[in-house]
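Novice: Sharing a structure here in structure tokens format.
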Amino acid sequence: MSNFLLAFIVLVPFVSATILGIMYLYSIKISKVPNFVFTLFGLSAPIISFAVGFSFFLKMIVNDEIILYKAYRWLSVDAYDIDMGFMADQLSIFMVLFITFVGGLIHIYATGYMKDDEGYGKFFFYFNLFLGSMLLLVLADSPIIMFIGWEGVGVCSYFLISYYYEDSENVKAGNKAFIANRVGDLGFIIAMVTMFYYAGANGLDYINLEAGLVNLPIDLLTFIGLALFVGAIGKSAQIPLYVWLPDAMAGPTPVSALIHAATMVTAGVYMVARFHFLYDMIPNVGLFIAYIGAFSALFAAIIATKQTDIKKILAYSTMSQLGYMFIAVGLGAYSVGIFHVFTHAFFKALLFMGAGAVIVALHHEQNIFKMGGMKDKTPLVFYTMLIATLAITGIPPFAGFFSKDEILLTAFSSEHYLLWGIGVVTAILTAYYMFRMIFIVFFGQNYKKERTIHFVPNSMLMPLVVLAIGAVLAGFIGIPEVLGGHNLVGEWLSNWHLDSLHVTHKTEILLMGGNILAAFIGIFIAYKKFYMYDMKDVAEPQGIIWNKFYIDEIYDRFIIQRTKALSIFISYKIDVNIIDKIVMGLSNSFIKSGHFVARMQNANTRFYAFTMLLGISVISTYLIIVMR
Amino acid sequence: MADSLLSYIALAMILFSIGFLGIISRKNIFIVYMSIELMFNAVNLIFIALGRYNESMQPQVIALIIIAIAAAEAAVFLSLIVVLYRRKKSLNSDIFTVLSQKDAAHE
Chain A
16 MSNFLLAFIV
26 LVPFVSATIL
36 GIMYLYSIKI
46 SKVPNFVFTL
56 FGLSAPIISF
66 AVGFSFFLKM
76 IVNDEIILYK
86 AYRWLSVDAY
96 DIDMGFMADQ
106 LSIFMVLFIT
116 FVGGLIHIYA
126 TGYMKDDEGY
136 GKFFFYFNLF
146 LGSMLLLVLA
156 DSPIIMFIGW
166 EGVGVCSYFL
176 ISYYYEDSEN
186 VKAGNKAFIA
196 NRVGDLGFII
206 AMVTMFYYAG
216 ANGLDYINLE
226 AGLVNLPIDL
236 LTFIGLALFV
246 GAIGKSAQIP
256 LYVWLPDAMA
266 GPTPVSALIH
276 AATMVTAGVY
286 MVARFHFLYD
296 MIPNVGLFIA
306 YIGAFSALFA
316 AIIATKQTDI
326 KKILAYSTMS
336 QLGYMFIAVG
346 LGAYSVGIFH
356 VFTHAFFKAL
366 LFMGAGAVIV
376 ALHHEQNIFK
386 MGGMKDKTPL
396 VFYTMLIATL
406 AITGIPPFAG
416 FFSKDEILLT
426 AFSSEHYLLW
436 GIGVVTAILT
446 AYYMFRMIFI
456 VFFGQNYKKE
466 RTIHFVPNSM
476 LMPLVVLAIG
486 AVLAGFIGIP
496 EVLGGHNLVG
506 EWLSNWHLDS
516 LHVTHKTEIL
526 LMGGNILAAF
536 IGIFIAYKKF
546 YMYDMKDVAE
556 PQGIIWNKFY
566 IDEIYDRFII
576 QRTKALSIFI
586 SYKIDVNIID
596 KIVMGLSNSF
606 IKSGHFVARM
616 QNANTRFYAF
626 TMLLGISVIS
636 TYLIIVMR
Chain B
52 MADSLLSYIA
62 LAMILFSIGF
72 LGIISRKNIF
82 IVYMSIELMF
92 NAVNLIFIAL
102 GRYNESMQPQ
112 VIALIIIAIA
122 AAEAAVFLSL
132 IVVLYRRKKS
142 LNSDIFTVLS
152 QKDAAHE
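Here the protein sequences come in this chain order: A and B. The opening position of the first sequence corresponds to residue 16 in the numbering used here, with each subsequent residue numbered one higher. The opening position of the second sequence corresponds to residue 52 in the numbering used here, with each subsequent residue numbered one higher.
Written as structure tokens, this is what we have:
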């Protein structure tokens, strides 16, 4: 069988990243390598991975089987054997397809965006490494291998967020992302260790873990489920570990697109879906996840309504949409959550890339109140971004409508009406802040006249068109039955569906209408307030929402400063006064005793003779008195 | 006979102690050398006294060998003293510290 090809999906980006890294070093140390060589390698990796992934997808359509491939034994510790194993089931191959597809388009976009950058090769090295890590995360057959990818994604996000490292703010943002993720990783590690200890007797891959977890007491399962979810919170930027996501905008725009659309943030959702066998057994934790998701969605949407940085608006919208996904997976509708991940990948990548195009056109201006009137200047960007905005808002027939509608339907039918209510309110807010952005950026009046529009290369516009088509069509693979469609996603991921819905078709139609109405309410408010907005009216932004509810400040005050104080206490008090005293005291006493003994060797022969006499006397006395 | 043995031994011990005191208290190499010879002879005296006491010839043979070796050793020792004196123009035993690590130890 050609199962070994599965490993190549992961291997190709890693190999290409290695080659790119070596070439980049060669380029800066010895002689310049032309950019098209980097482009060639950088682009071929996602394309090859996509092709291989697609061939497996076709094979699985025909055979409907889970493909396993164990490359080699990675570690063998006592009774635990850890294989470098890959598993392609319906869920992971679905993820692979859109990761490589959207990721590939972002790569193409990046060739245009980063064209004049010094570190062009380095950028693609990170990009391929990022993609490879994400694919490893998705295709792993055990939590340990998944964790390698998980950490790889974390470290690459750090590299890429602090890509413009000359500015210390960017480096801080990268560190923030990395550290916030570390907090989540701790939860993941705890969950993993607990699982292996209690359920890992027969092997550590998902299939054996699933069998091992069945017999565990519910308390233990709850603990594992919560600890795993802490990991998901960190990666997928939910309350309370979301703070890194807005700051992650410090990186170049393609990075934001890659982090927010295809990779990284979806890892948490994927993990919950991957461990569905665990979460199926503990619906209470699932409910907790759903509520965390709901509040994150609402919270982020509220903050997004006041932001002025175009990328930050999109960052908060990502967090908000991730909240929707967690509502779905928390309620056991994993396929619905993954469907939203899929559609979100298209329109969010499109939004970021469109925003990047606008930013490039305006010479790296990110404040939306300094843009305005871009509709005539960059019409293609306007239309594609409009499609993406309609998609995220949930206007049929664009992609976001179907997935978001299904999530709200799941929330409604679960009879947790608070979740549903938050979802609907968030939908209104989403429509409002997205169209606020569109109206200000593309229709705003009285912007500074004396500006020039920077040329936007075709390599940046082409992916926009492809993604716009995707944002229109992606939803059609999941048309609900009530509209006479065929929910292909639900069918494909049929193992990831907890139970069927308990609502009549009539309610379903009503809810759908409600969602569309909610979207239009949001758009209408935005239209009233911001259509043909006069940029001269802009007041200095202020208030609790603009300051993001002072969460960063609260964290700084109560966690970071405390940690800092503790570190200072340990390094200046405990370390200096106790540790150093012990260690230095020990070495000093050796030195002192050494000096004392050295005094015996004073080169005085007569003293030696005297010592000898003393020794002999002691030994003789001993012999005479004791040994007689 | 026992009393006289004790007095021989006592004499030998006194001579040995005087010799040893000479070694540790005097600086002149010649006097150190003479003290060493004194200790030799104290030991010889014990050998001979015990030989007489046990009516054995063996200790007396050993004593003779010691005298012979001490004579040979005296030649080596005196020539060494001459060499040492040529080096430092002094007979003070305390100044010959070339082989010691005293300087290194007190850094």
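The beta carbon of each residue, even a glycine, is placed where N, CA and C say it ideally should be.
Closer than 8 Å by beta-carbon distance: list the chain A residues that pair up with SER144/B, in chain order.
Specialist: THR620, ARG621
Novice: Going along chain D, which residues have a C-beta under 8 Å from PHE142/A?
Specialist: No chain D appears in this structure, whose protein chains are A and B.
Novice: Take the Cβ of ARG572/A as the centre, count every other Cβ of all protein chains shown within 10 Å, and call the residue buried at 16 or more, exposed below.
Specialist: exposed
Novice: Would you list the residues sitting across from MET102/A in a DSSP beta bridge?
Specialist: LEU83/A
Novice: For ALA315/A and ALA414/A, which I take to be in contact (beta-carbon distance under 8 Å), what is that distance rounded to the nearest angstrom?
Specialist: Not really, about 20 Å apart at Cβ, beyond 8 Å.
Novice: Looking at ALA125/A: is its Cβ nearer than 9 Å to the Cβ of PRO267/A?
Specialist: yes
Novice: So, for THR148/B: in the same chain, excluding its five sequence neighbours on each side, which residues have a beta-carbon less than 6 Å away from its beta-carbon?
Specialist: none
Novice: Taking the alpha carbon of LEU175/A as the reference point, which residue from SER148/A, LEU235/A, ALA265/A has its own alpha carbon closest?
Specialist: Of the candidates SER148/A, LEU235/A, ALA265/A, ALA265/A places its Cα closest to the Cα of LEU175/A.
Novice: Strictly by DSSP, which residues pair up with VAL92/A?
Specialist: The partner list for VAL92/A (beta bridge, DSSP) reads TYR95/A.
Novice: Could you work out which residues of chain B lie near LEU628/A, taking near to mean beta carbons separated by less than 8 Å?
Specialist: PHE71, ILE75
Novice: Determine the extent of the alpha helix (DSSP H) in which HIS291/A is found, giving its start and end residues.
Specialist: 291–294
Novice: Determine, using beta carbons only, whether MET279/A and LYS385/A come nearer to each other than 9 Å.
Specialist: no
Novice: Quick one: does PHE625/A have its CB under 9 Å from some CB of chain B?
Specialist: yes
Novice: GLY218/A by DSSP, collapsed to three states: which one?
Specialist: coil
Novice: If we count the other Cβ atoms within 10 Å of its Cβ and call it buried at 16 or more, is SER632/A buried or exposed?
Specialist: exposed
Novice: So ASN95/B is in the alpha helix (DSSP H); what residue range does that whole segment cover?
Specialist: 80–105
Novice: Any Cβ of chain A within less than 9 Å of the Cβ of PHE147/B?
Specialist: yes
Novice: So ALA214/A packs on GLY227/A, CB below 8 Å; how close in whole Å?
Specialist: 3 Å
Novice: Please name the residue, chosen from VAL270/A, GLY189/A, ASP79/A, that lies closest to MET129/A on a Cα-to-Cα basis.
Specialist: VAL270/A
Novice: Could you say which of GLU430/A, ASN619/A, PHE354/A, PHE458/A lies nearest to LEU401/A if we only look at CA atoms?
Specialist: PHE458/A
Novice: How about the stretch 436–450 of chain A and the stretch 525–539 of chain A: do they share at least three Cβ pairs that are nearer than 8 Å?
Specialist: yes
Novice: So, at 8 Å on beta carbons, what are the nonlocal neighbours of LEU112/A in its own chain, with the 5 sequence-adjacent residues on each side left out?
Specialist: Result list for LEU112/A: PHE65, GLY68, PHE69, PHE72, in chain order.
Novice: Return the CA-CA distance between LYS250/A and GLY189/A, expressed in angstroms with no decimal places.
Specialist: 14 Å
Novice: Assuming GLY100/A and LEU120/A are in contact, meaning their beta carbons sit under 8 Å apart, how far apart are those beta carbons, in whole angstroms?
Specialist: Contact doesn't hold; Cβ gap of about 30 Å is too wide.
Novice: Work out the CA separation of ASP391/A and GLY167/A for me, nearest whole Å.
Specialist: Rounded to the nearest whole angstrom, the C-alpha separation of GLY167/A and ASP391/A is 42 Å.
Novice: Would a C-beta distance cut-off of 9 Å place LEU62/B and LEU96/B closer than the cut-off?
Specialist: yes
Novice: Can you check which of these residues, THR333/A, MET368/A, ASN196/A, is closest to MET477/A by C-alpha distance?
Specialist: Closest option to MET477/A, Cα to Cα, is MET368/A.
Novice: Buried or exposed: which applies to GLU421/A, given that a residue is buried once 16 or more other Cβ atoms fall within 10 Å of its Cβ?
Specialist: buried
Novice: Quick check: the Cα distance between ALA100/B and MET615/A, rounded to an integer number of angstroms?
Specialist: About 38 Å.
Novice: Please state whether the Cβ-Cβ distance between ALA370/A and PHE341/A is less than 9 Å.
Specialist: No.
Novice: Given that a residue counts as buried once 16 or more other Cβ atoms are within 10 Å of its Cβ, and exposed if not, what is LEU508/A?
Specialist: Buried is the call here.
Novice: Using a Cβ-Cβ cutoff of less than 7 Å, which residues in the same chain neighbour THR522/A once the five nearest sequence positions on both sides are dropped?
Specialist: So no residue of the chain qualifies.
Novice: Three-state secondary structure (DSSP) at GLY493/A?
Specialist: strand
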